[in-house]
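Take a look at the structure below.
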């Protein structure tokens, strides 16, 4: 019997306990031994819940119990999740987490602690819900030079964008609905302003390039400013709007960004709707591979945690390779990033657009009295300067 | 230094040698040791090729060299690939293969030989080119009960269907073009009649359910009969045509099929074009995850082989878990399979369609003088019987 403890009995934590129970036999067959949850750490009580008898309120009970070999950290937040994770690793207990905030902030240090103590720090569930992309980066693709990671990494914003487009609703209405349905949090800032996607991109890019990508260095823009006029503009160019997280990894620097993009029909991201996430990985030998799955939800995320728990259970006493160095890669500044831009202007600004952008092909922007044009590739800074010349204009970055 | 030998210096084999060279440093860092190709087995000579000096014509050289710990089998065909693979495994050498014909036929026996000899038999490259779905099934998803595997598993047919649709060309023209471009073989039967997709589905389903699915038991239909009229029919229902391989895995039986399907826009398969492949895996906890990548091509497939070589190199002396039992699951007969059907009829057959199918909603089939209707879910046998009543009708199975 292999004993695990679960820290935090919220949505994901309770999903992990449930999944380990539901698939107990399948898991035992895969591992060659049974996995049982011995403790659940939470400050709350859960009278009548199956986990009631496993509840402890004091982490030291778990820390000091040598029979616990795997700790599932599904608390969220950096503190005290960091202190608990580090303490567990120092006792040689492997830690599996869904906590992207902690991984983005302290992942490098926690992976080092795992290596020093002959155990593992795994975080498949921190990016893309149930999508097994992190293990792919660490195993199948470990021999690839990864040149780009791009994805829809936040289910809440993808749900909002999908509904805004299909039902022609405005952002505040859909957000309120998403909150009522539990798809968005009461304070939706982390999701809608792109912070969550940014942290996930930092994690994936760090793994892909082997160096610590600081999430604060990634230019990030959310979806709260997107309007129906933007959707009409995108549609006029045959596009949908998706919040993309994109990192191009070159020898000299990493060019990363999180922002709403107009994506055309021939992009895989075009077909990713509702709460689904997608991660595209491009390798120098592989070419492009895309991983798609539910980006959120109790059981999808729990599935990813359970995958990590299995891996730890099969590798007791060993460190499963997962690494990035403390060293940071050079990061491109926002001003130097290069995109194509889809711009909407009042008809009256046409001659100015011709002058400042050299635009020659205009099309109907989908809104009365407005025209659209698509720029060639240009740096943000140059775009900003030219765009500032136009009155009452709007734009979307475009991934053509 | 870890030595490998490559059997068969064709497209994939030479791709593996190239990829191991290109990413030598990245691979050495991931493995903790360098991997070098010591021999290339081929009956041909390759004057001036980088592999010229590594060429041997006699497998026993490789078999008897104890320094060779990993054998890459990219010969294709069952014999002598089977004999060579078995001999290598018996010597404790791990074997990595792209050979779906051999895996579908002898995989169970070869995995058992690997277990008995403390080495591994891996075949990521046998299904879906570069897509790392097999390792996901064996690791991340090992604790899931897989309830369905569905995919576009053949790049050649997807390329043909994509071009037929976009360019309104007939099957023979596009096939000839695909052959000229090297996307289809001179004898295209294995691809276009679905045999290749069928073998891949047998492999994936065997792994997913842990029992040996015999590919001959999977009802299989190819794309050579698809016409422009069928594309118009599909489009009239908002669909594209894709050759799908699908296995629904229940406790009591496996319902598997390979056939052209009408897939609607909300299906992930709708957006999979050209030589891309996609594999959808549904687990009881995970929900659905989809893996997309190039289904063919020298380097994409080589990338998958290299992923396996890395895994073997990191696990010398051990057997990497990969298993299905000799026992066969109960397989549903073709007649009992249940689908929805999209049917096109001459207008003159409308009243008969109402009578035999109870069809009530008809729409324009996209071809002059023809109507279409979509059936509810029904068994193949019942459909066949009713369909036979209609004159000059055509149908597609539909995945709504």
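Protein chains in written order, with the working numbering: chain A, 1325 to 1724; chain B, 1325 to 1724. Beta carbons are placed, not taken as given, at the ideal position from N, Cα and C, and that holds for glycine. For clarity, every value in this text was computed on a predicted model and none was experimentally measured.
Measuring C-alpha to C-alpha distances from residue 1476(B) to each of 1699(B), 1719(B), 1602(B) identifies 1602(B) as the nearest. The alpha-carbon of residue 1717(B) is positioned some 9 angstroms away from that of residue 1694(B). Cβ-Cβ distances below 7 angstroms link residue 1416(B) to 1441, 1442, 1443 in the same chain, with the five nearest sequence neighbours on each side left out; the list follows chain order. Taken in chain order, no unbroken stretch of alpha helix (DSSP H) lies wholly in the region 1556-1584 of chain B with a span of 4 residues or more. DSSP, reduced to helix, strand and coil, places residue 1688(B) within a strand of the structure shown. For residue 1426(B), the enclosing alpha helix (DSSP H) begins and ends at 1424-1440. Under the 8 angstroms criterion on CB atoms, residue 1626(B) is classed as interfacial with respect to chain A.
With a contact defined as Cβ atoms closer than 8 angstroms, residue 1331(A) and residue 1392(A) miss out at about 11 angstroms. Taking a cut-off of 8 angstroms on C-beta distances, the region 1595-1610 of chain A touches the region 1471-1488 of chain A, as three or more cross pairs fall below it. In the same chain as residue 1480(B), and ignoring 5 residues on each side of it, the C-beta atoms closer than 6 angstroms to its own belong to 1507, 1508, 1515, in chain order. Residue 1461(B) and residue 1532(B) have their C-alpha atoms roughly 7 angstroms apart.
Per DSSP, reduced to three states, the secondary structure at residue 1450(B) is helical.
Distance from the CA atom of residue 1543(B) to the CA atom of residue 1685(B), rounded to whole angstroms, is 30 angstroms. If you look at residue 1362(B), you'll find it in the beta strand (DSSP E) that goes 1359-1365. Secondary structure of residue 1612(B) (DSSP, three-state): strand. Taking a Cβ-Cβ cut-off of 8 angstroms, the neighbours of residue 1347(A) in chain B comprise 1467, 1468, 1469, 1608, 1609, given in sequence order. For residue 1694(B), there is no enclosing alpha helix (DSSP H); the residue is part of the beta strand (DSSP E) that begins and ends at 1694-1698.
Residue contact with chain B for residue 1612(A): present (Cβ-Cβ distance below 8 angstroms to some residue of chain B). Distances from the CA of residue 1703(B) to each of 1656(B), 1413(B), 1586(B) were compared; the closest alpha carbon is that of 1656(B). For the region 1586-1597 of chain A, residues whose beta-carbon sits nearer than 9 angstroms to a beta-carbon of chain B comprise 1589, 1590, 1591, 1592, 1594, 1595, 1596, 1597.
Where residue 1472(B) is concerned, the enclosing beta strand (DSSP E) starts and stops at 1470-1476.
For the C-beta of residue 1723(B), not a single chain A residue is nearer than 7 angstroms; the gap to the nearest is close to 15 angstroms. Contact note: residue 1358(A) does not reach chain B at a C-beta cutoff of 8 angstroms; the least C-beta distance is about 12 angstroms.
Interface criterion not met: the Cβ of residue 1475(B) is under 8 angstroms from no Cβ in chain A.
About 7 angstroms separates the beta carbons of residue 1400(A) and residue 1425(A), which is inside the 8 angstroms limit, making them a contact pair. Residues of the region 1434-1465 of chain A with a C-beta atom less than 8 angstroms from some C-beta of chain B are 1448, 1454, 1455, 1456, 1459, 1460, 1463, 1464, 1465, listed in chain order.
1630, 1631, 1634, 1635: these are the residues of the region 1630-1659 of chain A whose beta carbon lies less than 7 angstroms from some beta carbon of chain B, given in chain order. Taken in chain order, the whole alpha helix (DSSP H) runs of length 4 or more contained in the region 1482-1555 of chain A are 1495-1504, 1513-1516, 1519-1533. Neighbours of residue 1427(B) in chain A, taken as residues at a C-beta separation under 9 angstroms, are lacking, since the least C-beta distance is about 17 angstroms. Residue-level contact check: residue 1618(A) touches chain B, since one or more beta carbons of chain B fall below 8 angstroms from its beta carbon. One thing to note: residue 1719(A) has its Cβ no nearer than 8 angstroms to the Cβ of residue 1664(A). Minimum Cα-Cα distance from residue 1538(A) among the listed residues 1410(A), 1528(A), 1545(A), 1612(A) corresponds to 1528(A).
Within the same chain, and ignoring the five residues on either side of residue 1357(A) in sequence, the residues whose Cβ sits closer than 8 angstroms to its Cβ are 1325, 1326, 1637. Across the structure, residue 1411(B) and residue 1438(A) are spaced so that their CA atoms are roughly 40 angstroms apart. Contact annotation: the region 1705-1717 of chain A does not touch the region 1594-1601 of chain B, with fewer than three C-beta pairs closer than 8 angstroms. Residues of the region 1364-1375 of chain A that bring their beta carbon within less than 7 angstroms of a beta carbon in chain B are absent altogether.
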